[in-house]
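Trainee:
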Amino acid sequence: MDLDQPGERDHVDPPASTSPNPWSQPYAPPPAMPTPPPPASPIAPAPGDAEPGTRPRARLGVVLAVALVGALVGGAVAGGVVAAVDDGGNRTTVISEPAPVAARPSTALAKPGDIRTILQKVEPAVVRIDVTLNPDSISSQSGTGTGFVVSPDGVIVTNAHVVNAETEAAAREIVVTLSDGDTVRGRLIGEDAAQDLAVIKIDRDNLPVVELGESDELQVGDAVVAIGNALGITGTPTVTSGIVSGLGRTVRVSSEETLVDAIQTDAAINPGNSGGPLVDVNGRVIGINTAIADPSSANNIGFAISISSARPVLADLRAGRTPRIAYMGVYTQSVTSDLVELHKLQVESGAYVAAITPNAGAERAGIRKGDVMIEVDGVGVRSNDDVVRIVRKHRPGDALRVVVLRGDEQKTFEVTLGDLPNA
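Following my numbering, the numbering of the sequence shown begins with 29 at its first residue and continues without gaps.
1) Are at least three pairs of beta-carbons, each pair with one atom in the stretch 431-451 and one in the stretch 390-405, less than 8 Å apart?
2) Please confirm whether Arg232 and Gly182 have their CB atoms less than 8 Å apart.
3) Does the stretch 257-272 come within contact of the stretch 285-302, defined as at least 3 CB pairs closer than 8 Å?
4) Express the C-alpha separation of Thr145 and Ser243 in angstroms, rounding to a whole number.
5) What span of residues does the beta strand (DSSP E) with Ser170 cover, start to end?
6) From Asn310 to Thr318, what does the alpha carbon distance come to, in whole angstroms?
7) Can you give me the Cβ contacts of Arg420 inside the same chain, cut-off strictly under 6 Å, excluding the 5 residues immediately before and after it?
8) So, under 8 Å CB-CB, Gly270 and Asp294 are touching, yes? Tell me the CB distance rounded to an integer number of Å.
9) Rounded to whole angstroms, what is the Cα-Cα separation between Ile314 and Gly241?
10) In the DSSP output, what is Thr211 paired with across the bridge?
11) Using the beta-carbon count (16 or more within 10 Å), is Ser324 buried or exposed?
12) Roughly how many angstroms lie between the CA atoms of His422 and Ser165, to the nearest whole one?
13) Note down the Cα distance separating Ser273 from Thr350, rounded to an integer number of angstroms.
14) Can you give me the C-alpha to C-alpha distance between Ser362 and Glu403, rounded to a whole angstrom?
15) Whose CA, out of Ala153, Ile291, Tyr355 and Thr195, lies closest to the CA of Val185?
16) Helix, strand or coil: how does DSSP classify Ile166 here?
17) What are the boundary residues of the beta strand (DSSP E) that includes Pro340?
18) In the DSSP assignment, what residue or residues form a beta bridge with Pro305?
19) Have a look at Pro386, Val204 and Gly389 and flag the residue whose alpha-carbon is nearest the alpha-carbon of Arg215.
20) Taking the alpha carbon of Ala188 as the point to measure from, which residue in Pro180, Val178 and Ala199 has its own alpha carbon closest?
21) For a test of the three-state rule: what should DSSP assign to Val150, helix, strand or coil?
22) Measuring CA to CA, which of Ala382, Ser282 and Val178 is closest to Glu151?
23) Tell me Lys229's beta-bridge partners as DSSP assigns them.
24) In the DSSP assignment, find the beta strand (DSSP E) that holds Ser362 and state where it starts and stops.
25) What residues are listed by DSSP as bridge partners for Ser273?
26) In this structure, does DSSP put Val416 in helix, strand or coil?
27) Taking the beta strand (DSSP E) that Glu403 belongs to, which residues open and close that run?
28) Is there contact here, the stretch 355-374 with the stretch 323-339, by at least three beta-carbon pairs under 8 Å?
29) Any idea if Val407 is buried or exposed, counting beta-carbon neighbours within 10 angstroms, 16 or more meaning buried?
30) For Arg429, report the span of its beta strand (DSSP E) as first-last.
31) Any idea if Ser167 is buried or exposed, counting beta-carbon neighbours within 10 angstroms, 16 or more meaning buried?
32) Count the other CB atoms within 10 Å of the CB of Leu96; is the residue buried (16 or more) or exposed (fewer)?
33) Can you tell me whether Glu437 is buried or exposed, with buried defined as 16 or more other CB within 10 angstroms of its CB?
34) Using the three-state DSSP reduction, which class does Val101 fall into: helix, strand or coil?
35) Would you say Gly155 and Ser207 are within 8 Å of each other, going by their C-beta atoms?
36) Measuring only the C-alpha atoms, how far is Ile316 from Leu342?
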């Protein structure tokens, strides 16, 4: 069950079943292969259901973190072969140039040099962040993470769990190491623990900055590159590559924190990368690395906060405002066969309203306990996570059209969103 607000934290296992070294062989050239046919047009799958997540607990001195890695995506189209015979019976074979392929810029990395080009653009703006809760105590908790510069005057984006060393306390000491090796004290401008975002500031000018991309343009299978301080290793950041494995994920990290509209990637996860950039093939930041599925139960399932969902929060934090999180005021459950049987529901998917918050937007609009949400803001609802994701894309004060099934009757309501309590 889920509120349209954060769920449970730390070590949330992946969904349970529904029933209670190097090569030593010498290199040999491969045999000639026939020219492959042109690839079929890719079809982007729809966003899947929620994927629970967690963060690995870091050793003392290392904040847990995320780095997204995986395999490169590539493709080619063969040229055509044309044969012609002249009047004298001579045969001429002409091999045409490869047919052009139309592809979005974020789709694929064609060769290793592409990653080097990305690094030249992004790495100068990636920083190491070391925090200590109480520098006067030798036993004080400390940690290491990653951030990236978004303004030449020293504004840096990272995760909230980096700047507070995975605790509820604010770090008294923040040290930022720039790409040229210089270190400088940082100060916290603002953080939002519920959405795991933070902004810090250093007193420097004319710094290199990243370019923010558009995560809404991503498709499953797009190539991505992650940059960060894996394991707190000294020197240049660790660089990894992979693909987008899923989109629109809702990930419950803690009782106070739920990642909404998260990007899933086939990530090898290491402490030290949290807060670092996930970038597309043009070197634009499309995500902020932050969490992983429980490694004891799953492999290569990592999550990044999408830049589209982070933008309004970061804007508030930079301005010194407390980010406002939209809230409908419903407690929902994904419709299952058990719920259908128990409540004699007339629908096999949707979000069952198990409880209503008094005087919140949903109740004022007329939604009742027992209704099944089947559409919100023009988007079909398959589960309670869909409701969370749709609502979080809006701001308090926005009005949403909500379609519910009440018994065998369909009803439509206009719900004005409020502020998430204690946000």
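Cβ atoms here follow ideal geometry from the backbone N, Cα and C, with glycine treated the same way.
Mentor: The relevant details are as follows:
1) Taking 8 Å as the limit for Cβ pairs, the verdict is that the stretch 390-405 does touch the stretch 431-451.
2) For the 8 Å CB-CB criterion, Arg232 and Gly182 form a contact.
3) With a cut-off of 8 Å, the stretch 285-302 and the stretch 257-272 count as touching, because enough Cβ pairs lie within range.
4) Cα to Cα, Ser243 sits roughly 20 Å from Thr145.
5) Membership of Ser170 in the beta strand (DSSP E) is indicated by the continuous run Ser170 to Ser179.
6) Straight-line Cα distance between these residues: approximately 21 Å.
7) Same-chain partners within the cutoff: Val288.
8) Confirmed, about 5 Å.
9) If you take the alpha carbons of Ile314 and Gly241, they lie about 5 Å apart.
10) The partner list for Thr211 (beta bridge, DSSP) reads Thr205.
11) The residue in question, Ser324, is exposed, as its Cβ has fewer than 16 Cβ neighbours within 10 Å.
12) Roughly 43 Å separates the two Cα atoms.
13) Ser273 and Thr350: Cα-Cα distance of roughly 32 Å.
14) Answer to the nearest angstrom: the Cα atoms are 13 Å apart.
15) That would be Ala153, whose Cα lies nearest to the Cα of Val185.
16) Note: Ile166 maps to coil in three-state DSSP.
17) From DSSP, Pro340 is part of no beta strand (DSSP E) but of the alpha helix (DSSP H) over Ile335 to Arg346.
18) Paired residue(s): Ile316.
19) Among Pro386, Val204 and Gly389, the Cα nearest to that of Arg215 is on Val204.
20) The option with the nearest alpha carbon to Ala188 is Ala199.
21) Of the three classes helix, strand and coil, the one that applies to Val150 here is helix, per DSSP.
22) Per the Cα distances, Val178.
23) For Lys229, which the question treats as bridged, DSSP gives the partners Val183 and Arg215.
24) Here the beta strand (DSSP E) through Ser362 covers Val358 to Ser362.
25) Assignment of beta-bridge partners to Ser273 by DSSP yields no partner.
26) Per DSSP, reduced to three states, the secondary structure at Val416 is helical.
27) Membership of Glu403 in the beta strand (DSSP E) is indicated by the continuous run Val400 to Val404.
28) In this structure the stretch 355-374 does not touch the stretch 323-339; the number of beta carbon pairs closer than 8 Å is below three.
29) Classification of Val407: exposed, given that the 10 Å Cβ count is below 16.
30) Boundaries of the beta strand (DSSP E) around Arg429: Ala427 to Arg434.
31) Using a 10 angstroms sphere on the CB of Ser167, the tally of other CB atoms stays under 16, which defines it as exposed.
32) For Leu96, the pLDDT reaches just 29, beneath the cut-off of 50, and the residue's location in the model is therefore unreliable, although a value from the coordinates is still provided. It counts as buried.
33) Its Cβ having fewer than 16 others within 10 Å, Glu437 is exposed.
34) Residue confidence for Val101 is low, a pLDDT of 23 falling below 50, so the modelled location carries little weight and cannot support an answer.
35) With the sequence shown as reference, residue 155 is identified as Val, and Gly is not the correct amino acid for it. Closer than 8 Å, so yes.
36) Each residue's Cα considered, the two are about 12 Å apart.
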